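Numbering (my numbering), first residue to last: -16 to 386. We put the beta carbon where it would ideally sit given N, CA and C, even for glycine. Please read these numbers as outputs of a predicted model, since none were measured by experiment.
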């Protein structure tokens, strides 16, 4: 049986595995009569050529409580967009495909940029932001869940458990974050295990028991790409176009709601997706991700009035190294008792690479404390461009009605 320990400042909803998925979905079908649920799927076309997407589509065919599915499609030609529309049409729920590379959507991006909004950096962050704008244009949408499309062992339990806390009429959660184990014959999730968590704990040791840092440390898998929230929260959220998307999202949620309305939910037993190799280049892959995460943390803390000095960053490097070493000892013990492969040398090498990422983040933060601005909350976009919602709906509808 799973643990029921409540750590940190947010609610943790573990899976005791004593309730069937069908029973959970039956309740969601009842809730859906009053609270419409939308599933947002950010995807690259290449993911439709991989092993994960067919499994995801097969599972989605059996879901009956969703109001709508919105597939946010990136890096796709017109021919590929048409193929995706045909594939997604097999699902019984209404599906809208947002073709970000299409001429209609590109015109909207240009209009937003001309109005002064920061939409020039393509990627998952921008696509999710624009797709949220489309979903929020529908006043009947109550809750929005999002998950990645590279999950090879996908189960429809994931959206069910994500959405349940934010749509149950007897609960008062506005945001739920998914967590799971990243383990097969060995432990995965290196950026979380030996970079993010040791960095957060190093910052707490230096800065003291800061509420925001304690909040971040409360999440079991802060860098997961799975979450759900209600529309009233979503409309006021800004989104990062960089690898700092997940951390900036948690920061925005922290600023816009209270701890007792935030929860984390165990959504799967294990989670398998494509694994990135750790290359030493600081401009790509996991190292780029780690650097962006650190810069996001520095900027959020600076917004709260923390002053960063040269001495602070020197102390942070050494404290992070110590916390990372503690983490290695813990994960080595965890691996041994469970009979997993654990390469301590590779983990130590990874820490050395993450130290370089931290140094890069420090340098770039000092040179540019503001950095890449977050994309504006949709409540602000609509105030500046009152007709943007209608234009967005029209663009998506016309793309989806074309043969």
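The segment 221 to 232 and the segment 135 to 155 do not touch, with fewer than three beta-carbon pairs separated by less than 8 Å.
Boundaries for residue 48: no alpha helix (DSSP H) harbours it, and the DSSP string shows neither H nor E there. Residue ranges of uninterrupted beta strand (DSSP E) with 3 or more members, entirely inside the segment 218 to 293 and ordered along the chain, are 245 to 253.
The continuous stretches of alpha helix (DSSP H) do not include residue 27, which lies in the beta strand (DSSP E) extending over residues 19 to 27. The DSSP-derived three-state label of residue 158 is strand. DSSP, read as helix, strand or coil, puts residue 373 in helix. The secondary-structure analysis by DSSP pairs residue 79 across a beta bridge with 53. Comparing alpha carbon positions, the residue from 295, 348, 165 and 83 closest to residue 60 is 83. Counting C-beta atoms within 10 angstroms of its own C-beta, residue 162 has 16 or more neighbours from the protein chains shown and is therefore classed as buried. Residue state for residue -1 is assigned as coil, using DSSP reduced to three classes. Per DSSP, reduced to three states, the secondary structure at residue 126 is strand. Ranked by how close their Cα comes to the Cα of residue 77, the residues 43, 309, 13 and 288 have 43 in first place. Per the coordinates, the alpha-carbon of residue 240 lies some 42 Å from the alpha-carbon of residue 62. A distance below 6 Å between beta-carbons, with the five flanking residues on each side excluded, links residue 24 to the following residues of its chain, in chain order: 54 and 132. In the structure shown, residue 170 adopts extended strand secondary structure according to DSSP, grouped into three states.
Short of 8 Å from the beta carbon of residue 331, and not among the five residues preceding or following it, lie these beta carbons of its own chain, in chain order: 311. Between the segment 378 to 385 and the segment 319 to 339, the count of Cβ pairs shorter than 8 Å is below three; the stretches do not touch. Of the candidates 52, 75 and 79, 79 places its Cα closest to the Cα of residue 65. If the five residues before and after residue 201 are omitted, its C-beta is found closer than 6 Å to the C-beta atoms of -9, -8 and -7, all from its own chain and listed in chain order. For the beta strand (DSSP E) assignment, the segment 296 to 349 encloses no uninterrupted run of at least 3 residues. A direct Cα-to-Cα measurement between residue 302 and residue 329 gives close to 20 Å.
Short of 7 Å from the beta carbon of residue 48, and not among the five residues preceding or following it, lie these beta carbons of its own chain, in chain order: 8, 11, 12, 15 and 20. The count of Cβ pairs closer than 8 Å, one atom from the segment 198 to 216 and one from the segment 149 to 167, reaches three, so the stretches are in contact. The beta carbons of residue 309 and residue 325 sit no closer together than 8 Å.
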